[in-house]
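Going by full-length UniProt numbering, the first residue of the sequence shown is number 1, and it counts up by one from there.
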Amino acid sequence: MPQTQTVRQDITVGQDLRVDIELSLPELSTPANEATPVLRPQESTAIEVSIKACGSQNDNETCALKADEAVEFTVMAIDKAILELVPHGLRDVAADYVFNLGLSFDVASSSDILHAPGAITGLVEKFVREQEENPWASIDSELLTPGSGYFGYYDDVYDSYDYFDDELAEFGTGAVAFAVASGGAAPESATVAKSVARTAPAPPPFAPAPSADAEVESAGASGGAGAALRSQADFMATPLFVTVNATDNGSGAVNFTAPDNLGTFVVRAYAATDKARFGSVETEVIVRRKLSLTPSAPRIVRVGDAFEAGVIVTISGGSVSDVPITMDLKLEDKSQELLSLTTESERQIVTDADGQAEVRFGLQAEALGEAKFIISAGDGSGSGDALELELPILGLQDPVTVATSFAIQAAENETATAVEGLDLPAALPGTGGIELQAGVGRLPAVLANARQIMEANVNHTCPHDGSLELVHTVVPAALQMYSLYTPDEDEEQDRATEALLATSGANFSLALQNLAVDNLTHSEFGLRWWIACPPLRPRMGPLRSASIYLNAHAVWLLDSLQDLLESTDQQVFLEGAGALRKLSDEHWRPALATQLVRDAQESRSRRFFPGPIRLSTVALARLGLGRDWAPPEGTEPQIVDDISMERLDREFGKLDMESRAYVALIHLRNQSEAGDELVARAIDEWTSNFRVGGRTAYIATCNGCATPMGLKGNALVLLTMTRAGQAVGPFREKLANYVASPPAGRYAYFADYIEKIVAMLALGEYDLARGSADPDLGLVVTSGDVELLQAEFTSPQSPMVVTGTSWSVLNQPPAPLEFSVDGKGEVTIAALLNFVPAEPLPFPTYRGIYVEQAIQLVNGSSQFDEPMGAPLSTVPLGSIVIVTIQITTPDALDATTVRILMPGGLEPVDPNIEGDSFGVCALPFFGVFSSFPYFNCPDQETLPSVVTFRYNRLRAGTHVMRVRAVAATPGVFGLPPTAAFVNSQPELMGLSPAGSFEVCDGEGCEAVPLGPARTPKACPQDCNNNGLCDLDKGTCLCFEGFTGDACGAFVET
């Protein structure tokens, strides 16, 4: 029997790479009752580092240098306040170099994130081009999961959200996002992320300015408070960072000069030997003066604020001052108009047992500007200090915008005019101005949609998206509505448009090949959504049904746009139109008809809940098949009725808003009296569901709903109204504005290219109907004898014209604005009054957004992120409060900004330094998808004077924001109104009421409730836009020149 022997030898592998080092400050002394040495600003001292000597046993492998072992020291000093803000502990370097035998290695390549220089240049050029062609367009797009097999960058223009990597690192796979269905002129960003808070850098609030170089100690020898200003400009977070080679005995020394910052500094030393041993050690040193002043004043104040500002006096060593310290405050000459003293400018104080005392002076903010004042201190024994403080004095309100918008269509052989009354609200001197914006047509939005389709990263050699390839074949027809392929001889096209036309032609030919039978067109089931690449097609299962959605849109779009495709006079499009017509007649339309009948039969024969096929499906299918189509002979009578036009007409009221547009378009193709009545009924119902906001209007999803229909639904309504020739007041023009630049859509997994081409078709036909597809129009705007704007629009590519005029240029009182239009086409005009109100209003202002504000104490049991109790008008000094902003909008809004102007006594806390706080929107990982259609976290920016929330979009309803703040300065402060406004239409806005807020201190100081909130009351006829509505009382405050309960009458002169 075989025998084996085993020999075992244990081997110990040591990896102790540490070496002990010592760090000392031999020239510094430690004050009594303190444990840390003290250094004065700009004073120098030696820092000594050495390798620790071994003990008596000499068995410590981490001590002393070995023979011929050399060592290098790196010594640094860091402001401890910075380390507390951004924690970074002492590094155990030796542990980092210990080899982990259980390591696993991954290979990563940077090739996935490389960008060619040309791509970066193209990105910038495209952004500039989009803004020039359509300043109202949204230039956003989607950030999708990097490296995903299903997602990539939706577009090459995307927001530079540089904070994604940090904010979403916890998810491991990067950002989670989805393409947007509504699209519009550009896809809106729809990244699922928790609240993002960004901090804009701001200068230190009270940085003492550089001044005399003389030592303060000698300057204060006279004993008065007139010490020289401390030259404190050398602020450094890391005042020391040097490397030094050790001597033969393993020691080294560096010189450290203390910076001007007062506070504690952490001194660290790292050692590295040439034998791969490492060590680290740290100690602390305090930088302070014998007598020093630390600012204790607000970061900002506002005009009218009565407050206290001063300094904290500190005596080195922490003891009661032997003699009184004389304090003095002096305003600079230029600042005496901005600030006034409300207390004595000089006083004497004595420090407490800790060697500190806070000194405050009463001040009143009188005017806007940057005020400077000097506070000095001296103890009569040669010690003293002085600081110069800078204090921004801001206004009580941001500029606001009041605007009107309308369209004027030029009348043939005569001048069309419009007159708008011009009333200038009371404003701060020099702040009033009129801005006029004028443009013709929606071609920029049409071109933007076309570019998105062209740049959709289609791999034509392996087609995978039937809807996108279909849209590629009809984009040229949509562009031809503006005669872009057959321009006038004297009309020049820009290079971007020429490139787009060339690209659309190339994509047309490739898409036509991919739509061929046995590619994306199935011989039996017509156009299909996708098809695998050729090597994988044998593995695909057989197709079992046709897509009614895809085939119905394909047939209808071709019917609507084929004539335009043939009018391009280009051979590739002429031949392609014939090939498309053959595909439609022989495959798409038959597949649509067969599938409609089959679905109707299956709906009736279902085991559970049998019944007629859905009305919306019938309406869409009939849009492609037409009113006169009939099912094959032998079809059951019940099925024939289920898919008949008679059923659609009979049950028209049960259809959703978009499906009614399908039916109306079918009847408009074949005129009849009954059909005309249904079209008129549909238009009446859409008109009653218009939601008008500023320059845009949309159709709501249902009666009484605030949520808008999708972009395709609104575009179909616009197309129906245009083909019907219905005049719907200003709403149709506002609806066209909405379709041209819609707000961000909800999330979807894939972009809806059919939606984009329908929007292009609706906008093109609207411009054709209004004469704006080929305009020749002149516009003049005057106020009395003052000309504010003169422009000519001779091409659909004519750029928008924007002018600004100061109120001081106009006659007083100003004459009404008169708009005169000659020629052909329709011009869209927006007139905006931009100004800062002379007096903040004590009641809320509602112009599409209702804003409320409350200041409450923080709930200490809720991680300091929830308020408790009633809204307050007074809080004690040092209180932590929550400023809650609630905005309510009856309509869905585009990108919206909320600006919370902080009162001078409150210091906002940046969420970036709030520890575990999630900010305004918490994002539990497993709850992401529970409500993601509505998820919309704002971008937050926190500054001392204002906290700004920026929403990508807002759904109808109420939205709440909270800001944590500290009551840092005692006084009575103006409470500015919080403003919310739509970025693209700042006249859609709201303001919370202005008021006052007090931070109290001393005996008897306690929180005081604000009182019960008042219910807003509507004003008669909304004051006819000739005044402001006092929502507290429900009464109108008429502008100058108007009178009456509703400001509807002129003042008699």
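Glycine included, every Cβ here is placed at the ideal spot set by N, Cα and C.
Problem set entry | alpha helix (DSSP H) segment containing Arg299, residue limits | It is not in any alpha helix (DSSP H) - Arg299 carries neither H nor E in the DSSP assignment.
For this session: Compare the C-alpha of Leu500 against each of Gly823, Lys126 and Gln985 and name the closest.
Result: The candidate whose alpha carbon is nearest that of Leu500 is Lys126.
Exercise. What three-state label does DSSP hand Gly432 in the structure shown?
Worked result: coil
Exercise. Is it true that the CB of Asn245 sits closer than 9 angstroms to the CB of Phe73?
Worked result: yes
Exercise. With distances taken from CA atoms, which of Phe278, Ile21 and Asn255 is nearest Val98?
Worked result: Of the candidates Phe278, Ile21 and Asn255, the one whose C-alpha sits nearest the C-alpha of Val98 is Phe278.
Problem set entry | Coil, strand or helix - Pro637 by DSSP | helix
Exercise. Can you give the Cα-Cα distance for Ser504 and Leu625, rounded to whole angstroms?
Worked result: 28 angstroms
Problem set entry | Three-state secondary structure (DSSP) of Phe178 | Per-residue confidence for Phe178 stands at a pLDDT of 29, beneath the threshold of 50, marking its modelled position as unreliable; the derived number appears in the next sentence. It is coil, neither helix nor strand.
Exercise. Where does residue 1119 fall in DSSP's three states?
Worked result: An answer regarding residue 1119 cannot be provided, because it is not within the stretch 1 to 1053 covered by the chain.
For this session: Would you list the residues sitting across from Lys824 in a DSSP beta bridge?
Result: Asp776
Exercise. Are the Cβ atoms of Val75 and Leu240 separated by less than 9 angstroms?
Worked result: yes
Problem set entry | Ala272 to Val71 span [Cα, whole Å] | 6 angstroms
For this session: For Phe307, name the three-state secondary structure that DSSP assigns.
Result: strand
Exercise. Excluding five sequence neighbours on each side, which residues of the same chain lie with their C-beta closer than 6 angstroms to the C-beta of Pro324?
Worked result: Within the same chain, and ignoring the five residues on either side of Pro324 in sequence, the residues whose Cβ sits closer than 6 angstroms to its Cβ are Gln348 and Val350.
For this session: Would you mind sorting Lys334 into buried or exposed? The rule is 16 or more other CB atoms within 10 Å of its CB.
Result: exposed
Exercise. Would a C-beta distance cut-off of 9 angstroms place Ile312 and Pro298 closer than the cut-off?
Worked result: Contact: no.
Exercise. Hey, quick one: how far does the beta strand (DSSP E) through Asp328 stretch, first residue to last?
Worked result: Ile325 to Leu331
Exercise. When we look at the beta-carbon of Lys194 and count the other beta-carbons within 10 Å, is it buried (16 or more) or exposed?
Worked result: Because the pLDDT at Lys194 is just 30, under 50, the model does not fix this residue reliably, and the point stays unresolved.
For this session: Take Val19 and list the residues in its own chain whose beta-carbon comes closer than 7 angstroms to its own, dropping the five residues that flank it on each side.
Result: Ile51, Thr62, Ala271, Thr273, Arg277, Phe278 and Gly279
Exercise. Is the segment 794 to 801 touching the segment 479 to 495 in the sense that three or more CB pairs, one from each, lie closer than 8 angstroms?
Worked result: yes
Exercise. Touching or not, the segment 828 to 839 and the segment 427 to 436, by the rule of three or more beta carbon pairs under 8 angstroms?
Worked result: Touching, yes.
Exercise. Among Glu332, Ile315, Pro476 and Glu388, which has the Cα closest to the Cα of Asp352?
Worked result: Nearest C-alpha to Asp352: Ile315.
For this session: Determine, using beta carbons only, whether Ala697 and Asn737 come nearer to each other than 9 angstroms.
Result: yes
For this session: Note down, in chain order, each residue of its chain lying with its Cβ closer than 6 angstroms to the Cβ of Arg950, except the 5 sequence neighbours on either side.
Result: Thr897, Pro938 and Asp939
Exercise. Run through DSSP, which three-state label would Lys126 get?
Worked result: Collapsing the DSSP output to three states places Lys126 in a helix.
Problem set entry | Distance CB(residue 1054)-CB(Val285) smaller than 9 angstroms | Residue 1054 falls outside the range modelled here, since the chain spans only 1 to 1053, and no answer is possible.
For this session: Let me know if Gly541 comes out buried or exposed under the rule of 16 or more other beta-carbons within 10 Å of its beta-carbon.
Result: exposed
Exercise. Pairing CB atoms from the segment 1005 to 1023 with CB atoms from the segment 871 to 879, are three or more of them under 8 angstroms?
Worked result: Touching, per the Cβ criterion.
For this session: Go through its chain and collect everything with a Cβ distance to Arg589's Cβ below 6 angstroms, but skip five positions before and after it.
Result: Val555
Exercise. Can you tell me the Cα-Cα spacing of Pro187 and Arg129, whole angstroms?
Worked result: Low confidence applies here, because Pro187 scores a pLDDT of 31, under 50, leaving its location unreliable; read the following figure in that light. Here the alpha carbon of Pro187 sits roughly 16 angstroms from the alpha carbon of Arg129.
Exercise. Taking C-alpha atoms, which residue in Ser509, Val717, Pro743 and Ser783 lies nearest to Val758?
Worked result: Val717
Problem set entry | Close beta carbons around Pro610, own chain, < 8 angstroms, minus the five adjacent residues each side | Ser603 and Arg604
Exercise. Is DSSP giving Arg288 helix, strand or coil here?
Worked result: coil
Problem set entry | From Ser992, Gln985, Val946 and Gly725, residue whose alpha carbon lies closest to that of Phe843 | Ser992
Exercise. Which same chain residues, not among the five before or five after Glu566, have their C-beta less than 8 angstroms away from its C-beta?
Worked result: Phe573, Leu574 and Ala577
Exercise. Which of the three DSSP states, helix, strand or coil, is assigned to Tyr549?
Worked result: helix
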